[in-house]
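One structure below.
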Amino acid sequence: MTESKGASSSRAPSPMPPMIPLPPMSLPTHLQLELAAQRPSPLYIHHSYTSDIPYESSAVKFERLLNVILLPAYLERTLYFGALACLDAWLHTFTILPIRFFMAIGVLVRWWVYIVCKETKWLLGFVWDGVGRLWRRGRATRGRTVNEVTTPGDRPRSISRASEAADAQGDAQQLGTGATQRRTATQQREQQGPGPKFGSFRHRRTKSMPSNLSTYHKADLLQGAVILCSSFALMKLDASRMYHFIRAQSAIKLYVIFNILEVGDRLLSAIGQDILECLFSSETLSRNASGRSKILLPLGMFLLALAYNCLHSIALYYQVIALNVAVNSYSNALLTLLLSNQFVEIKSTVFKRFEKDNLFQLTCADIVERFHLWIMLLIIAMRNIVEVGGFSVPGAGFGETDVDGNGSGVPLHHPSILPHSFTALPSWLWSGEVLSPFLIVVGSEMLVDTIKHAYVGKFNNIKPHFYSRTLDILCKDYYTH
Numbered sequence: 001m002t003e004s005k006g007a008s009s010s011r012a013p014s015p016m017p018p019m020i021p022l023p024p025m026s027l028p029t030h031l032q033l034e035l036a037a038q039r040p041s042p043l044y045i046h047h048s049y050t051s052d053i054p055y056e057s058s059a060v061k062f063e064r065l066l067n068v069i070l071l072p073a074y075l076e077r078t079l080y081f082g083a084l085a086c087l088d089a090w091l092h093t094f095t096i097l098p099i100r101f102f103m104a105i106g107v108l109v110r111w112w113v114y115i116v117c118k119e120t121k122w123l124l125g126f127v128w129d130g131v132g133r134l135w136r137r138g139r140a141t142r143g144r145t146v147n148e149v150t151t152p153g154d155r156p157r158s159i160s161r162a163s164e165a166a167d168a169q170g171d172a173q174q175l176g177t178g179a180t181q182r183r184t185a186t187q188q189r190e191q192q193g194p195g196p197k198f199g200s201f202r203h204r205r206t207k208s209m210p211s212n213l214s215t216y217h218k219a220d221l222l223q224g225a226v227i228l229c230s231s232f233a234l235m236k237l238d239a240s241r242m243y244h245f246i247r248a249q250s251a252i253k254l255y256v257i258f259n260i261l262e263v264g265d266r267l268l269s270a271i272g273q274d275i276l277e278c279l280f281s282s283e284t285l286s287r288n289a290s291g292r293s294k295i296l297l298p299l300g301m302f303l304l305a306l307a308y309n310c311l312h313s314i315a316l317y318y319q320v321i322a323l324n325v326a327v328n329s330y331s332n333a334l335l336t337l338l339l340s341n342q343f344v345e346i347k348s349t350v351f352k353r354f355e356k357d358n359l360f361q362l363t364c365a366d367i368v369e370r371f372h373l374w375i376m377l378l379i380i381a382m383r384n385i386v387e388v389g390g391f392s393v394p395g396a397g398f399g400e401t402d403v404d405g406n407g408s409g410v411p412l413h414h415p416s417i418l419p420h421s422f423t424a425l426p427s428w429l430w431s432g433e434v435l436s437p438f439l440i441v442v443g444s445e446m447l448v449d450t451i452k453h454a455y456v457g458k459f460n461n462i463k464p465h466f467y468s469r470t471l472d473i474l475c476k477d478y479y480t481h
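Going by UniProt numbering, the first residue of the sequence shown is number 1, and it counts up by one from there.
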C-alpha cells in the first residue's frame, strides 16, 4: 500500500483539473462566452494547448485548393493532345490506309499472276510433251506395222524375241528410276516440311509457293474490307426517317434514348477493342506449321468484327441524330439534355474510389468521348451550314439594311422562328447562329470534365502533375506507334 501511494504521488499531475467550472446559466454570461476572443473562453472552461493544433494544417488546405485551380490547364492539354491523336488516327483511315490497302492488293495480285503463269506454263509443257510422246509412239507403231506387213517372213523369230526383251528391260528400268526419284523426293519433303505428315490437312508444296503477304498486309486488307462492307451496309439507312422518328418523341423519351445510346456506345467500345485487337493480332494472321495461311480463324473474326462495326456505327448514327434533334429544338431541349446527361456522369464518377490506373483509363475514355463529340458537332454544324447557306441565318440579327438602303434595325426574321440553341449566345459573336450549339456543347463538356477530375483528385489525393505523366505516356505511345 505504501509503495502504491509513493508511485501515485511520483506521477505527473494531469493538466486537466479535476472539475470543469460551469458558468452560471444567465443571458449575460452566454453573451460573454459567444463574444470571447478565444473559443471556448478560458475564464469558465478549461482549454488545453494541444487543442489549438488543427487536424490538418492550413498549408495542406491551401495546396489542395491550389491543385483544384491548376487542374484545368493540366487536364485540357492532355485531353486536347489525345483528341488530336484520335484525329490523326481517323485521318489515317482516309489517307494512308487506302494506299496500304491497294499495296496489299497489288502484292496479292502479283502472286496470283505468278501462280497462274506458272500453272499455265506447266500445263502447256505437259500437253506439248504428251503430244510429242504420242506422236513418236504412233510413228514408231506405224513403222513397226509397215515392216511386219512388208516382210513378215524375213524377220527372224529370235530377233523379235530379243527386241521384245530389250523393250521390257527398258520399261522396267524407267519404272525403277521413276520410283526411286519419287521415293527420294518424298524423303526430302519429309525432312524439310515441318508440317503434318498424315491426315487430310497434309500440305506438300511441289509447284506452289507461299505469297509475299505479311501479317501487316493481311491486317490492311481486313481493315479495308471491314470499312467497305460496313459502308455498303450503312448506305441503306435513311437519315431523314430516323430524324423525324426521334423528333416525334417527347422530351423525356429523347433524354432516355440519348442516355441509352451513350451507355451502349461505351459498352460496345469496350468489347470492340478486344475484337479488333484479336482480328489484327499475329496469332490470327500468321501462317500455320505447314506454311499455309489460316482461313477459318481470320474469317470468323472478320465476320464478328464486321457485325460489331455495323452495330456500333448504327448506335453512333442514332446518337448524332438525337443530338441534332436537341440542337434544332425550339425549346431548351439541348440544355436540358446536356444537364441531365452530364449530371449523371458527375454523380457516377465523383464519389468513387480511384487509383491512378483507373484514373488513367477514365482520362482515355474522356479523350475518346471528346473526339466523338467533336465529330458529331462537326457533322451537325456542316448540315446546318448547308441548310441556312452560311455561318449565320440571313436576316436573323439586327442592323441589316432594307431594300431602300436605310438601316431600319429591324430583323427580317423574328428570333422565334430559330431554334433556341441558335439564339442562346449573343448575336454579336463572330460564330453567328449556326456555331452557337457547337460552343455550348463543347463548353459544357469542358466544364463537366474539369469538375469531375477536380473532385476525383481532391477526394483521392491525386495532384495535377499526374496528368503530365499521362501526357508523357500518350506522347510515347504516339511516337512508338
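Glycine included, every Cβ here is placed at the ideal spot set by N, Cα and C.
message: Check whether the segment 67 to 81 and the segment 434 to 444 are in contact - that is, three or more C-beta pairs closer than 8 Å.
response: no
query: If we count the other Cβ atoms within 10 Å of its Cβ and call it buried at 16 or more, is Thr363 buried or exposed?
result: Taking the first residue of the sequence shown as position 1, residue 363 is located at position 363. That one is buried.
- prompt: By DSSP, does Arg100 sit in helix, in strand, or in coil?
  reply: The sequence position of residue 100 within the sequence shown is 100, counting from 1. Correct three-state label for Arg100: helix.
field: Beta-bridge partners of Arg293, as assigned by DSSP
entry: One-based indexing of the sequence shown puts residue 293 at position 293. One point to set straight first is that residue 293 is Ser, not Arg, in the sequence displayed. Paired residues: Arg287.
message: Quick check: Ala305 and Ile275, are their CB atoms within less than 7 Å of each other?
response: The residue you call residue 305 lines up with position 305 of the sequence shown. The residue you call residue 275 lines up with position 275 of the sequence shown. For Ala305 and Ile275, yes; Cβs fall inside 7 Å.
- prompt: Can you give the Cα-Cα distance for residue 484 and Val448, rounded to whole angstroms?
  reply: Any question about residue 484 goes unanswered here, given that the chain covers just 1 to 481.
- prompt: How long is the line joining the alpha carbons of Ser57 and Tyr467, rounded to whole angstroms?
  reply: As a first step, residue 57 is located in the sequence shown; it is residue number 57 there, counting from the start. As a first step, residue 467 is located in the sequence shown; it is residue number 467 there, counting from the start. About 26 Å.
- request: Please classify Leu237: does DSSP put it in a helix, a strand, or coil?
  value: The count along the sequence shown starts at 1 and reaches residue 237 at position 237. Collapsing the DSSP output to three states places Leu237 in coil.
Segment contact flag, the segment 453 to 463 with the segment 342 to 357, C-beta cutoff 8 Å, min 3 pairs: Short answer: they touch.
- prompt: Is the Cβ-Cβ distance between Leu213 and Val131 less than 7 Å?
  reply: Reading the sequence shown from its first residue, position 213 is the one you call residue 213. Reading the sequence shown from its first residue, position 131 is the one you call residue 131. Cβ distance not < 7 Å, so Leu213 and Val131 don't count as in contact.
- request: Count the CB pairs spanning the segment 216 to 223 and the segment 97 to 113 that are closer than 8 Å, and state whether there are at least three.
  value: yes
- prompt: At what residues does the alpha helix (DSSP H) containing Asn461 begin and finish?
  reply: Against the sequence shown, residue 461 aligns to sequence position 461. Segment: none, Asn461 is in no alpha helix (DSSP H) and carries neither H nor E.
- prompt: Applying the criterion that 16 or more other CB atoms from any shown protein chain within 10 Å of the CB defines a buried residue, is Lys452 buried or exposed?
  reply: Mapped onto the sequence shown, residue 452 falls at position 452. Buried, because 16 or more other Cβ atoms sit within 10 Å of the Cβ of Lys452.
message: What does the Cβ neighbour count give for Val109, buried or exposed, with the cut at 16 atoms within 10 Å?
response: For this step, residue 109 is matched to residue 109 along the sequence shown. With fewer than 16 other Cβ atoms within 10 Å, it is exposed.
message: Using only the alpha-carbon positions, how far apart do Leu237 and Ser250 sit?
response: As a working mapping, residue 237 is identified with position 237 in the sequence shown. As a working mapping, residue 250 is identified with position 250 in the sequence shown. The alpha-carbon atoms of Leu237 and Ser250 are separated by roughly 23 Å.
Local conformation of His92 per DSSP, three classes: Residue numbering aside, residue 92 sits at position 92 when the sequence shown is read from its first letter. His92 falls in the helix class under three-state DSSP.
query: Are there 16 or more other CB atoms within 10 angstroms of the CB of Gly138, so buried, or fewer, so exposed?
result: As a first step, residue 138 is located in the sequence shown; it is residue number 138 there, counting from the start. Gly138 comes out exposed.
- prompt: Between which two residues does the alpha helix (DSSP H) carrying Ala248 extend?
  reply: The sequence position of residue 248 within the sequence shown is 248, counting from 1. No alpha helix (DSSP H) holds Ala248; DSSP gives it neither H nor E.
query: Which of helix, strand or coil does DSSP assign to Ser211?
result: Residue numbering aside, residue 211 sits at position 211 when the sequence shown is read from its first letter. Note: Ser211 maps to coil in three-state DSSP.
query: Would you call residue 484 buried or exposed, if buried means 16 or more other Cβ atoms sit within 10 Å of its Cβ?
result: Outside the displayed range of the chain (1 to 481) lies residue 484, so it cannot be described from this structure.
message: Check for me: the alpha helix (DSSP H) holding His30 runs from which residue to which?
response: Numbered from its first residue, the sequence shown carries residue 30 at position 30. Taken as a continuous stretch (DSSP letters only), the alpha helix (DSSP H) holding His30 covers Leu27 to Glu34.
task: Give the single residue among Ala289, Leu299 and Leu311 whose Cα lies nearest to the Cα of Arg266.
output: Against the sequence shown, residue 266 aligns to sequence position 266. For the residues Ala289, Leu299 and Leu311, the minimum Cα distance to Arg266 belongs to Leu311.
query: In three-state terms, what does DSSP make of Leu435?
result: Looking up residue 435 in the sequence shown gives position 435. In this structure, Leu435 counts as coil in the three-state DSSP scheme.
field: Separation of Ile379 from Ile385, as counted between CA atoms
entry: Residue 385 sits at position 385 when you count from the first residue of the sequence shown. Residue 379 sits at position 379 when you count from the first residue of the sequence shown. For Ile385 and Ile379, the distance between alpha carbons rounds to 10 Å.
message: Looking only at its chain, what residues have a beta carbon closer than 6 Å to the beta carbon of Gly224, apart from the 5 residues adjacent to it on each side?
response: On the sequence shown, position 224 is the one that residue 224 refers to. Answer for Gly224: Phe101, listed in chain order.
message: So, for Leu234: in the same chain, excluding its five sequence neighbours on each side, which residues have a beta-carbon less than 8 Å away from its beta-carbon?
response: Counted from its first residue, the sequence shown places residue 234 at position 234. Once the five neighbours on either side are set aside, the close Cβ partners of Leu234 are Cys310, Ser313, Ile314 and Tyr317.
- prompt: Leaving out five residues before and five after Asp366 in sequence, what residues of the same chain have Cβ atoms less than 7 Å from its Cβ?
  reply: Reading the sequence shown from its first residue, position 366 is the one you call residue 366. Closer than 7 Å at the Cβ level, and outside the excluded window around Asp366, lie Leu79 and Asp449.
- prompt: Helix, strand or coil for Ser340 per DSSP?
  reply: Against the sequence shown, residue 340 aligns to sequence position 340. Looking at Ser340 - three-state DSSP - the assignment turns out to be helix.
task: Could you check what DSSP says for Ser329 in three-state terms: helix, strand or coil?
output: Translated into positions along the sequence shown, residue 329 becomes position 329. Of the three classes helix, strand and coil, the one that applies to Ser329 here is coil, per DSSP.
- prompt: Could you give the distance in angstroms between the alpha-carbon of Val325 and the alpha-carbon of Lys347?
  reply: Indexing the sequence shown from 1 puts residue 325 at position 325. Indexing the sequence shown from 1 puts residue 347 at position 347. Between Val325 and Lys347, the C-alpha separation is close to 26 Å.
message: Between the alpha carbons of Ala36 and Pro28, how many angstroms are there, rounded?
response: On the sequence shown, residue 36 is found 36 positions in, with the first residue counted as 1. On the sequence shown, residue 28 is found 28 positions in, with the first residue counted as 1. Between Ala36 and Pro28, the C-alpha separation is close to 12 Å.
Sub-7 Å separation of Ala83 and Phe371 beta-carbons: Within the sequence shown, residue 83 is the residue found at index 83, counting from 1. Within the sequence shown, residue 371 is the residue found at index 371, counting from 1. Taking 7 Å as the Cβ cut-off, Ala83 and Phe371 qualify as a contacting pair.
Beta-carbon proximity list for Lys463, same chain, < 6 Å, skipping 5 on both sides: Counted from its first residue, the sequence shown places residue 463 at position 463. So the qualifying residues of the chain are Asn67.
message: Once the 5 residues before and after Asn460 are set aside, which same chain residues still bring their CB inside 6 Å of it?
response: For the purposes of this step, residue 460 is taken as residue 460 along the sequence shown, with counting starting at 1. Correct list, in chain order: Phe354.
- prompt: If you count every other CB in all the chains shown that lies within 10 Å of the CB of Pro156, and 16 or more means buried, which is it?
  reply: Residue numbering aside, residue 156 sits at position 156 when the sequence shown is read from its first letter. Caution is warranted here: a pLDDT of 49 is assigned to Pro156, below 50, making its placement in the model unreliable, and the coordinate value is therefore given only provisionally. When all chains shown are included, Pro156 counts as exposed.
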